[in-house]
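Residue numbers (our numbering), protein chains in the order written: chain A, 1 to 111; chain B, 1001 to 1115.
Positions of the beta carbon are idealized from the N, C-alpha and C atoms, including for glycine.
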Amino acid sequence: SQQGEEDPQALSIQEGENATMNCSYKTSINNLQWYRQNSGRGLVHLILIRSNEREKHSGRLRVTLDTSKKSSSLLITASRAADTASYFCATDHVSGSRLTFGEGTQLTVNP
Amino acid sequence: GAVVSQHPSWVICKSGTSVKIECRSLDFQATTMFWYRQFPKQSLMLMATSNEGSKATYEQGVEKDKFLINHASLTLSTLTVTSAHPEDSSFYICSARRQTWDEQYFGPGTRLTVT
């Protein structure tokens, strides 16, 4: 069963603004990953953060992980219309096991 | 590197027929492949995990006789939807992993429409 929860479910912002999405989970993880999915397309892997890491950057993306609160956030800075997509977090709870996906956040960046 | 392909990218079939979807790891050998289903505006739901040369492990609620999975080689896994019905219409996505400590690499997905 899916145990990741994401909020907000939908987010609409203007180009240039920052977008923050949150993900919470229930059991201990080895790592947490963020993916983007354009409508009707496959998943694009954005970033992986391990349980012993607190923050990670990749270009305009910044991911934080708070294992004490069992939560993660994805920040997209200086958003662009092309960032419009659904964003999912996925948790790896036991090394080598399957990923559990969150419900996703639909981000719309208005030009 | 680590490219996963799916074929076909979309398929329309009539109710009662069977459809086979292929998942290939193009530039690496995948010891494990995963099959997911995604309904519109929903998240990915894991259907089954398959290891090369052994039977697939299905998630609770997924009918193994309806969704036949074969992982005959280290680069190919197939999902066959047998006796498809309109409620099987969905987006099917596979992923592949080299080793247990590796990340999963996702295919582009297959849109199945059953009429």
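Going by alpha carbons, who is nearest to residue i out of the options?
| i | options | result |
| --- | --- | --- |
| B:Tyr1092 | B:Met1047, B:Asp1027, B:Lys1055 | B:Met1047 |
| A:Asn30 | A:Glu15, A:Lys70, A:Arg80 | A:Lys70 |
| B:Leu1076 | B:Thr1032, B:Gly1061, B:Pro1040, B:Ala1084 | B:Thr1032 |
| B:Pro1086 | B:Ala1030, B:Gln1029, B:Ile1012 | B:Ile1012 |
| A:Ser24 | A:Leu43, A:Gln9, A:Gln14 | A:Gln9 |
| B:Ser1054 | B:Ser1073, B:Cys1023, B:Lys1020 | B:Ser1073 |
| A:Glu103 | A:Ile13, A:Trp34, A:His57, A:Ser28 | A:Trp34 |
| B:Cys1023 | B:Lys1066, B:Gln1038, B:Gln1006, B:Met1045 | B:Gln1006 |
| A:Thr67 | A:Val44, A:Pro111, A:His93 | A:His93 |
Short check: CB of residue i to CB of residue j, under 8 Å?
| i | j | result |
| --- | --- | --- |
| B:Val1004 | B:Gly1107 | yes |
| B:Ser1009 | B:Thr1080 | no |
| A:Arg50 | A:Thr64 | no |
| A:Ala90 | A:Val109 | no |
| B:Phe1034 | B:Gln1099 | no |
| A:Leu107 | A:Leu11 | yes |
| A:Ser79 | A:Glu5 | no |
| B:Val1114 | B:Ser1043 | no |
| A:Met21 | A:Thr84 | no |
| B:Asp1088 | B:Leu1068 | no |
| B:His1071 | B:Ser1090 | no |
Is residue i helix, strand or coil by DSSP?
| i | result |
| --- | --- |
| B:Trp1027 | As written in the sequence, residue 1027 of chain B is Asp, which differs from the Trp given in the question. In this structure, B:Asp1027 counts as coil in the three-state DSSP scheme. |
| B:Ala1002 | coil |
| B:Glu1087 | helix |
| A:Asp7 | strand |
| A:Gln2 | Because the pLDDT of A:Gln2 is 35, which lies under 50, any placement of that residue in the model is unreliable, and the number read from its coordinates should be weighed accordingly. A:Gln2: coil per DSSP, three-state reduction. |
| B:Asp1102 | coil |
Contact defined as beta carbons within less than 8 Å: I believe residue i pairs with residue j. What is the distance between those atoms, to the nearest angstrom?
| i | j | result |
| --- | --- | --- |
| A:Ile47 | A:Arg60 | Contact doesn't hold; Cβ gap of about 11 Å is too wide. |
| A:Arg41 | A:Tyr87 | Contact flag wrong, Cβ pair sits at about 13 Å. |
**Message:** My parser needs the alpha helix (DSSP H) runs of 4 or more residues fully inside the region 1057-1084 of chain B; what are they?
**Reply:** none
**Message:** Give the list of continuous beta strand (DSSP E) stretches no shorter than 3 residues that lie fully inside the region 28-77 of chain A.
**Reply:** 31-37, 43-50, 55-58, 61-66, 71-76
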